[in-house]
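According to my numbering, the stretch in the sequence shown is residues -18 to 351, in order. Heads up, the beta-carbon is just placed ideally off N, CA and C, and yes, glycines get one too. What follows is a single structure, written as structure tokens, with notes after it.
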Amino acid sequence: MSGDFLALALPGVQQLSPYVPGKPVDELARELGINPDTIVKLASNENPLGPSPKALAAIGDALAELTRYPDGNGFALKTLLAEQCGVELDQVTLGNGSNDILELVARAYLGPGLNAVFSEHAFAVYPIVTQAVGAQARVVPAKAWGHDLPAMLAAIDESTRVVFIANPNNPTGTWFDANALNEFLQDVPQRVLVVLDEAYIEYADGGDLPDGLEFLSAYPNLLVSRTFSKAYGLAALRVGYSLSAAGVADVLNRVRQPFNVNSLALAAACAALRDVEYLAQSRRLNQAGMQQLQDGFQALGLSWIASKGNFIALDVGQDAAPVYHGLLQEGVIVRPVANYGMPNHLRITVGLPAENTRLLEALTRVLARG
Ligand SMILES: Cc1ncc(COP(=O)(O)O)c(C=O)c1O
């Protein structure tokens, strides 16, 4: 066994597959020998608008202080978030992306002999953070691609400490309404922390996607996680946050790295939060782009899973791998999701109108080639 470092790892870690990110633009440009500017990337649910100019200006202002550690308590950002979310400052936890929040939860509440419940086709980081700390992942079969909340409830046992639910979920885009959430929260035992992952909540269109914050005061075992990576357009900076009972935030704060959010990210996130016009524009662009993609898919006779995010899971009606590779040859990067148990789907991020057109034209050619 000497030198077999995989065999030496925790059993849960041995069974993990590393997270597979969307293919970087520069990598495809090198492979195809083409100019990166001609490539369209619709693979990582990023905001196609580019960052808010106000966030960029704030980063510029913060550059002179790079020699200093950031504010380890993130006071300015937490204050803004507490104000906007209608919670107390001590209910806010900042993370290096919302992935960091998910990991803090796992480190604080999971371990060997304990388990976390989540859905089939759920976000890939849930098994990673769960198994990395030696806990068991209890994966509940999905219903119509979405979370089957009653079945997830039934999967909770004495050893369950965390349930991860995403609304909407990535990569399916599926969602549950306020009633379903409330019924679920009512029945989850108080000792189980419910992590409601709202990475895409800012794209909510006023329909039946609930605002998790409205449930916080009634359910002390609820934690809502959010991010600046999607609608706020700051994915590279890595800023996320959670709102929870102060007692949960206190626990997360104990396992958090001292300076987990850097000063440029803190400054940019504050500016992005204040830039309400940028957020509104992001939302409008997403709604129009979602419609454009759906119209295009319909014209091609394809079906898709209805989505409340800034992405859509398209059923290409066959093994999606050759279609994915065909699109790469056309300079269009999307996301294969076979590793999510969805071998016939491609997850496509809503882009700018011209990017969506490029995708649809490339898809038409690739499918015609067979
Ligand atoms: C459902 C969901 N949760 C969390 C995240 C993590 O995002 P970040 O760490 O950039 O905040 C993502 C990113 O794709 C996501 O789709």
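Here Ala116 is buried, its C-beta having at least 16 other C-beta atoms within 10 Å. For Ala97, there is no enclosing alpha helix (DSSP H); the enclosing beta strand (DSSP E) has its first and last residue at Asn96 to Ser100. With at least 16 other beta carbons inside 10 angstroms of its own, Tyr90 counts as buried.
In the displayed model, Gly193 falls within a helix according to three-state DSSP. At a Cβ-Cβ threshold of 7 Å, Ala301 and His326 count as neighbours. Counted as a single uninterrupted DSSP element, the stretch harbouring Phe157 is not any beta strand (DSSP E), since DSSP gives it neither H nor E. Those residues that have a beta carbon less than 5 Å away from any non-hydrogen atom of ligand 1 are, in order along the chain, Gly78, Ser79, Asn80, Phe104, Ala147, Asn151, Asp178, Ala180, Thr208, Ser210 and Gly221. Unbroken alpha helix (DSSP H) stretches of 4 residues or longer found wholly inside the stretch 168 to 247: 227 to 236, given in chain order.
Contact between Leu13 and Val313 fails: their C-beta atoms lie close to 11 Å from each other, not under 8 Å. Here the alpha carbon of Pro303 sits roughly 40 Å from the alpha carbon of Asn243. When C-alpha distances from Glu195 are compared across Leu177, Asp186 and Ala216, the shortest belongs to Leu177.
Buried is the label assigned to Arg142, since at least 16 other Cβ atoms lie within 10 Å of its Cβ.
Judged by their CB atoms, Leu83 and Gly55 are not nearer to each other than the 7 Å cut-off. In this structure, the alpha-carbon of Arg346 lies about 32 Å from that of Pro32.
Sequence-distant partners of Thr208 (beyond 5 residues in either direction) whose C-beta falls short of 6 Å from its own C-beta, in its chain, are Ser79, Ala180 and Gly221.
Leaving aside the five residues that flank Arg88 on each side, the residues in its chain whose CB is nearer than 7 Å to its CB run, in chain order, Val114 and Val236. Rounded to the nearest whole angstrom, the CA to CA distance from Arg11 to Asp231 is 46 Å. When DSSP assignments are scanned along the stretch -2 to 65, no uninterrupted stretch of beta strand (DSSP E) that is 3 or more residues long falls wholly within it.
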